[in-house]
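K.L.:
Here's a structure for you.
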Amino acid sequence: MYYEDHSLLIYLVGFLTVIFILKTFLTGRWKISKEWKLPPRVPSSIPFLGSAIEFNKNPIAFLEKCANEYGDVFSFTMVGKTFTYLVGHEASAIFFNSKNDQLNAEEVYGKLMTPVIGDEVAFAVPNHIFLEQKKILKTGLNVAQFRVHVPLVEAETRDYFQRWGDRGEKDIYFAISELSIATVSHCLHGKEVRSYLDERMAHLYEELNGGISPSAWLLPSWVPLPWFIRRDRAHKAIKKIFAKAIGERKRAGSKDDFLQVLLKAKYKSGRQLNDNEVAGMLIGLLLGGHHTSSSTGAWLALFLAKHQDIQDRCYTEQITVCGKELPPITFDQLQKMELLDSCLRETLRLRPPIMTVMRMSKEPIKYKDLTIPPGHQVCVSLTVNQRVRQQWMPDPLEFKPERFLDGSADYSDKFSYVPFGGGRHRCIGENFAYMHLKTIFSVLLRKYKFHLINNNFPEVNYSSLIHSPVESLISYEPRNSIRVEENGKV
Ligand code: HEM
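Numbering (this note's numbering), first residue to last: 160 to 649.
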């Protein structure tokens, strides 16, 4: 949901592009040695915009076509910038194994994320400090915390679906987005911040999100676009609310939750995190966990709605793992739900919410006989890597969760299955995401049987940075109207 006025944007992009080209030309910023063999270049007859139009229509189809034609490394122009894609596990290895001063993340993500998250965390600080911050976050994302989170997520989810009534039609992407702000906030921000979660707060999050838009990739963050101004205002207001919650917690004293982990944490230097850093991390966690989970949850629901047989087996699994009375969910039970786990795994293979990860090359990068020069936006498409045909036979494009159960999924090559990225920028939220989504789906499966409307499985919305469904209406009816036999069969 972006708040963009495109005419204003086009003028600004044009103006800044001229400056960019002049600057690059006059300073000779990226010198290319004649001895280097550069990656093959995808031709385009449109100057400056290059392949942008074709790419934006369907990036996956475009990248797969290029990989077939040019091999596992190729470059193309988009909006005056050179993008070089590495396809498949072998080429991707140079991406995921690189150091930050070879392939740099701050340069591509900083401009987009710093105004949203804040100036003392993540891409606004040197990478070794961010790595320390990630380590701190990881200490709080442990099994002991997850055992506490499961009942919180279950209660929030029950409350949420209570409002749905017995049967009807709902937009599942919208629903899981709305629900997961509450669940992620409750688990990771703590009770105080969760208690402030009302319409105003939801509106502030929405305005903050409006700043994560294609224009923020292209333009400096100070450009006075209306949606940048709203983003900055929302950032300040949310920080103020978090500062209040942190203050309350400090006065009330210790609680054994994730927020407390951050308040107690120290850098290697012995310095404690300051309140601005804690608040920045809280915003980062919400943004990192919320959109990715909402999109994955929506696709999982849609796949299960399409494959009624698998949906019914997932429900049967609830009974076989937890017992016929379906008591409150525990973390240990979630671990035993292998079919639901495989469905999630397969959803993340076919519809990873982050379609592409990106870095800026800071020095010549060698791959086979090719050299990627400094100044390229070097990318790996997680979606394309996870569809490479020979690794996912049979039916690589079909939803077949069994492939993860019967051992037929061959992802022994390290970078052929990468929904959570890899290397030094790898996601720290994987285990949380599994706990979170499996709990939500346990509640959903127990309560409802859900269907596609008119058997209509949605296309991917390629215009947003997180690849969500274009539409996600499902219909639902009570699960308890469906007979369960003694042996757990539906
Ligand atoms: C990084 C995916 C949930 C926090 C990443 C990356 C991917 C990813 C692909 C690598 C980005 C890159 O290399 O540029 C996902 C998916 C999720 C998910 C698919 C859920 C289905 C979460 C959650 C949290 C989180 C729940 C927080 C609790 C982070 C952080 C990074 C990260 C802190 C590190 C960024 C860096 O080092 O540059 N995630 N994520 N993610 N994710 Fe997640």
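The C-beta atom is built at its ideal place from N, Cα and C for all residues, glycine as well.
Note down the Cα distance separating serine 438 from arginine 353, rounded to an integer number of angstroms.
P.N.:
The residue asked about is misnamed: residue 438 is alanine in this sequence, not serine. Alanine 438 and arginine 353: Cα-Cα distance of roughly 14 Å.
K.L.:
Threshold first: 3 residues or longer. Then list the beta strand (DSSP E) segments lying entirely within the segment 552-611, N to C.
P.N.:
As far as the segment 552-611 is concerned, its whole beta strand (DSSP E) runs of at least 3 residues are 607-611.
K.L.:
Using beta-carbon positions only, say whether proline 560 and cysteine 502 come within less than 7 Å of one another.
P.N.:
yes
K.L.:
Can you tell me whether histidine 584 sits near the ligand HEM, meaning its C-beta is under 6 Å from at least one heavy atom of the ligand?
P.N.:
Histidine 584 has its Cβ nearer than 6 Å to a heavy atom of the ligand HEM.
K.L.:
Can you check which of these residues, Glu366, Thr479, Glu351 and Glu358, is closest to alanine 402 by C-alpha distance?
P.N.:
With distances taken between Cα atoms, alanine 402 lies closest to Glu351.
K.L.:
Whose CA, out of Ile599, Leu197 and Asp569, lies closest to the CA of phenylalanine 490?
P.N.:
Cα-wise, what sits closest to phenylalanine 490 is Ile599.
K.L.:
Among Lys270, Ile633, Lys240 and Ser203, which residue has its Cα nearest to the Cα of alanine 460?
P.N.:
Ile633
K.L.:
If you draw a straight line from the alpha carbon of isoleucine 219 to that of leucine 418, how long is it in whole angstroms?
P.N.:
39 Å
K.L.:
Strictly by DSSP, which residues pair up with phenylalanine 235?
P.N.:
Beta-bridge annotation (DSSP): phenylalanine 235 is paired with Phe242.
K.L.:
Along the chain, where does the beta strand (DSSP E) that runs through glycine 327 open and close?
P.N.:
327-330
K.L.:
Helix, strand or coil for methionine 272, going by three-state DSSP, please let me know.
P.N.:
helix
K.L.:
Under 7 Å between the Cβ atoms of isoleucine 488 and glutamate 313?
P.N.:
yes
K.L.:
Find out if the Cβ-Cβ distance for the pair alanine 457, isoleucine 625 is shorter than 7 Å.
P.N.:
no
K.L.:
Taking 7 Å as the threshold (C-beta atoms), are alanine 252 and glycine 443 in contact?
P.N.:
No; because the gap between Cβ atoms is not below 7 Å, this pair is not in contact.
K.L.:
Starting from valine 539, trace the beta strand (DSSP E) both ways and give me its first and last residue.
P.N.:
536-540
K.L.:
Just how far apart, CA to CA, sit serine 631 and glutamate 337?
P.N.:
14 Å
K.L.:
Is the segment 590-605 in contact with the segment 491-500, if contact means three or more CB pairs nearer than 8 Å?
P.N.:
yes
K.L.:
May I ask you to check if the CB of serine 452 is nearer than 6 Å to at least one heavy atom of the ligand HEM?
P.N.:
Within the cutoff, so yes.
K.L.:
From the DSSP secondary-structure annotation, give me the bridge partner or partners of tyrosine 635.
P.N.:
Gly327 and Phe609
K.L.:
Checking 7 Å against the spacing of the C-beta atoms, do leucine 311 and histidine 345 come in under that value?
P.N.:
yes
K.L.:
Taking its Cβ as the centre, do 16 or more other Cβ atoms sit within 10 Å of glutamate 436, making it buried, or is it exposed?
P.N.:
buried
K.L.:
Cβ of threonine 455 versus every heavy atom of the ligand HEM: is any distance shorter than 6 Å?
P.N.:
yes
K.L.:
Look at the alpha carbon of phenylalanine 254 and the alpha carbon of threonine 479, and state the distance between them as a whole number of angstroms.
P.N.:
43 Å
K.L.:
Using the Cα positions of aspartate 492 and proline 512, report the straight-line distance between them to the nearest angstrom.
P.N.:
The question names aspartate, but residue 492 is glutamine in the sequence shown. Each residue's alpha carbon lies about 26 Å from the other.
K.L.:
Counting only the same chain and skipping the five closest in sequence on each side, list residues whose C-beta sits under 8 Å from that of arginine 638.
P.N.:
Excluding residues within five positions, the ones whose Cβ falls inside 8 Å are Tyr474, Leu604, Arg605, Lys606, Tyr607 and Lys608.
K.L.:
Quick one, are the C-beta atoms of proline 198 and serine 234 less than 7 Å apart?
P.N.:
Contact flag set, yes.
K.L.:
Among all the DSSP beta bridges, which residues are the ones paired with valine 619?
P.N.:
Pro628
K.L.:
At which residues does the alpha helix (DSSP H) containing serine 413 begin and terminate?
P.N.:
Serine 413 -> no alpha helix (DSSP H), and no H or E assigned at all.
K.L.:
Would the beta-carbon of serine 204 fall within 7 Å of that of serine 210?
P.N.:
Remark: C-beta atoms of serine 204 and serine 210 do not approach each other more closely than 7 Å.
K.L.:
Can you pull the DSSP bridge partners for methionine 514?
P.N.:
Note: methionine 514 sits in no beta bridge, so no partner.
K.L.:
Check the DSSP bridge columns for threonine 530 and list the partner residues they point to.
P.N.:
Lys525
K.L.:
Going by beta carbon distance, what residues of the same chain come within less than 6 Å of glutamate 618, once the five residues before and after it are set aside?
P.N.:
Contacts found: Val629.
K.L.:
What's the gap between the Cα of glycine 566 and the Cα of methionine 552?
P.N.:
12 Å
K.L.:
Got a sec? Which residues, its chain only, sit under 7 Å from valine 420 by beta carbon, not counting five neighbours each side?
P.N.:
Thr298 and Gly299
K.L.:
What do you reckon, is the C-beta of phenylalanine 671 under 6 Å from a heavy atom of the ligand HEM?
P.N.:
No answer is possible for residue 671: the residues shown for the chain start at 160 and end at 649.
K.L.:
Do you know how far the Cα of glutamate 365 is from the Cα of arginine 359?
P.N.:
10 Å
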